[in-house]
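Q:
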Ligand SMILES: Cc1cc2nc3c(=O)[nH]c(=O)nc-3n(C[C@H](O)[C@H](O)[C@H](O)COP(=O)(O)OP(=O)(O)OC[C@H]3O[C@@H](n4cnc5c(N)ncnc54)[C@H](O)[C@@H]3O)c2cc1C
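In the UniProt record's numbering, the protein residues as written are 1 to 434.
1) Taking 8 angstroms as the limit between beta carbons, can you name the residues of its chain near residue 428, skipping five residues before and five after?
2) Following a CB-centred definition, is residue 75 positioned closer than 7 angstroms to any heavy atom of ligand 1?
3) Determine the burial state of residue 300: buried for a count of at least 16 other Cβ atoms within 10 Å of its Cβ, exposed for fewer.
4) By the 10 Å Cβ neighbour count, where 16 or more other Cβ atoms means buried, how is residue 391 classified, buried or exposed?
5) Considering only their Cβ atoms, is the gap separating residue 72 from residue 42 smaller than 8 angstroms?
6) Since residue 406 and residue 359 are thought to touch, with beta carbons under 8 angstroms apart, how far apart are those beta carbons, to the nearest angstrom?
7) Quick one: give me the first and last residue of the alpha helix (DSSP H) that residue 103 is part of.
8) How far does the alpha helix (DSSP H) with residue 144 in it extend, from its first residue to its last?
9) For the pair the region 377-389 and the region 33-49, tell me if three or more CB-CB distances fall below 8 angstroms.
10) How many angstroms separate the CA atom of residue 74 from the CA atom of residue 157?
11) Within this structure, are the beta carbons of residue 268 and residue 67 separated by less than 8 angstroms?
12) Indicate whether residue 201 and residue 35 have their beta-carbon atoms separated by less than 8 angstroms.
13) Does the pairing of the region 182-192 with the region 14-24 give three or more beta-carbon distances under 8 angstroms?
14) Would residue 395 be called buried (16 or more neighbouring beta carbons within 10 Å of its own) or exposed?
15) State the Cα-Cα distance for the pair residue 253 and residue 309, rounded to the nearest angstrom.
16) Could you check which residue in 81, 104, 162 has the C-alpha nearest to that of residue 110?
17) In the DSSP assignment, what residue or residues form a beta bridge with residue 258?
18) Can you give me the Cβ contacts of residue 341 inside the same chain, cut-off strictly under 6 angstroms, excluding the 5 residues immediately before and after it?
19) Verify whether the separation of the beta carbon atoms of residue 355 and residue 385 is less than 8 angstroms.
20) Any chance the CB of residue 447 is under 7 angstroms from a heavy atom of ligand 1?
21) Any chance the CB of residue 384 is under 7 angstroms from a heavy atom of ligand 1?
22) In whole angstroms, what separates the C-alpha of residue 76 from that of residue 49?
23) For residue 227, is the classification buried or exposed, using 16 other Cβ atoms within 10 angstroms of its Cβ as the cut-off for buried?
24) In chain order, what are the residue ranges of uninterrupted beta strand (DSSP E) at least 3 long that sit wholly in the region 198-256?
25) Would you check whether ligand 1 has a heavy atom nearer than 7 angstroms to the C-beta of residue 224?
26) Less than 7 angstroms between the CB of residue 418 and some heavy atom of ligand 1, yes or no?
27) What is the residue span of the beta strand (DSSP E) that residue 162 lies within?
28) Taking 7 angstroms as the cut-off, is the C-beta of residue 78 nearer than that to any heavy atom in ligand 1?
29) Helix, strand or coil for residue 306 per DSSP?
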């Protein structure tokens with residue numbers, strides 16, 4: 001985690017390679033005293049820093065590598081304002097009407113918050129807010145997404161159901177039986193967005209340090225002391241925003257989620273005329289398969305898709321090619337241009353797939369809102385965490401709050417998402433042939 005960043009690693013994702021708005025930042029040297037210290041410079045840390053600084057709170061972000069080094073710089077750039085597994089009705093059943101509806105409101109406005117911040121701060125990140133589409137791969141999945149769309153539409157969200165022809169016209173993909181779209185979703189370049197958030201946070205007064213791994217966080221009188229290799233910080237409150245990249249900084253935290261390695265690829269640019277058929281509106285697509293099929297274009301007309309692996313041996317070279325072949329076949333593109341970028345990142349998957357605030361001590365909190373929805377959710381979580389930093393009681397925040405619950409047999413079960421992928425693929429295939 002503390003290794004220096006070489007050229008190769010810096011260009012690890014397409015987004016790091018093509019984003020022009022990166023700025024170098026110093027490592028922390030010596031001492032620092034702030035109201036709020038944030039460990040981790042991804043969307044969660046940066047959004048919190050921006051919103052806290054705008055409230056006049058003195059805040060510093062300590063990032064082990066560079067801004068957007070973690071999942072923030074490695075994702076697909078889909079801005080998705082809903083939950084990965086649960087729908088509004090099941091959230092109300094799970095959390096009760098009051099807490100449930102608050103969490104639903106939090107998610108519902110999250111994409112609008114992202115695109116609003118981009119506009120307000122003039123962030124140049126190829127943002128397109130023209131909808132996020134979830135096509136259904138089977139009749140059973142279609143029933144589910146129709147109900148999903150209805151539950152969001154009932155809450156005044158711009159959610160619409162789509163029939164087979166709608167999906168084909170919007171995406172160019174054939175074989176789906178229908179689907180739904182949340183018009184407030186969209187796509188962006190995540191590294192350029194993160195760099196823009198960092199710049200806006202600094203403008204508002206936040207301090208950001210790179211190549212500053214926090215090696216310990218200890219309780220002191222009136223707050224916390226954070227140690228780094230060349231400095232230290234004292235803070236009244238601390239946010240741990242390390243997602244699946246926190247290593248053993250907090251072992252309890254480390255054992256309370258499933259780390260999931262996800263691969264992404266980008267092809268060489270496609271000819272522009274392909275867009276008359278494929279995604280003419282520039283939306284993002286993630287279907288209902290258990291082994292999710294996703295695709296979008298970037299600003300240079302590269303196709304981007306993702307996937308996972310069952311066996312880790314050789315996965316780094318094998319999986320990007322598998323994803324490329326799947327893209328060519330699902331989109332009926334025999335002349336798909338070659339693979340230009342292949343990369344991977346770690347996502348933190350919560351046992352209940354919901355965003356969480358984790359109580360680590362008085363004034364010490366961790367926030368995780370990933371589950372494949374992190375761009376919108378962690379940005380929104382940052383706004384909520386700035387309220388906490390300003391003195392709002394955690395019970396008044398919209399996110400579930402509890403100490404981290406270690407997953408039993410974590411050393412073994414942490415591999416469950418990958419091990420279950422084979423079973424998921426088999427079930428998808430049975431759906432396809434039904
Ligand atoms: C391949 C992939 C594709 C995805 N696709 C999407 C998508 O399309 N849409 C979507 O909404 N979400 C997606 N996600 C999820 C999304 O990327 C994450 O939810 C989001 O980026 C998490 O942001 P974060 O700030 O919580 O964590 P991260 O971005 O992971 O940041 C954590 C940071 O903490 C730093 N850190 C760790 N330990 C320390 C330490 N001791 N000291 C200092 N710094 C430390 C790390 O270097 C890292 O920069 C995807 C995730 C992956 C992996």
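In this text, a Cβ means the ideal position worked out from N, Cα and C, and glycines have one as well.
A: From the atom records:
1) 137, 289, 290, 291
2) yes
3) exposed
4) exposed
5) yes
6) Between residue 359 and residue 406 the Cβ distance is about 14 angstroms, and since that is not below 8 angstroms, they are no contact.
7) 97-108
8) 139-154
9) yes
10) 29 angstroms
11) no
12) no
13) yes
14) exposed
15) 25 angstroms
16) 81
17) 349
18) 14, 266
19) no
20) There is no way to answer for residue 447, as the model of the chain reaches only from 1 to 434.
21) no
22) 23 angstroms
23) exposed
24) 207-209, 216-220, 223-228, 231-240
25) no
26) no
27) 159-163
28) yes
29) strand
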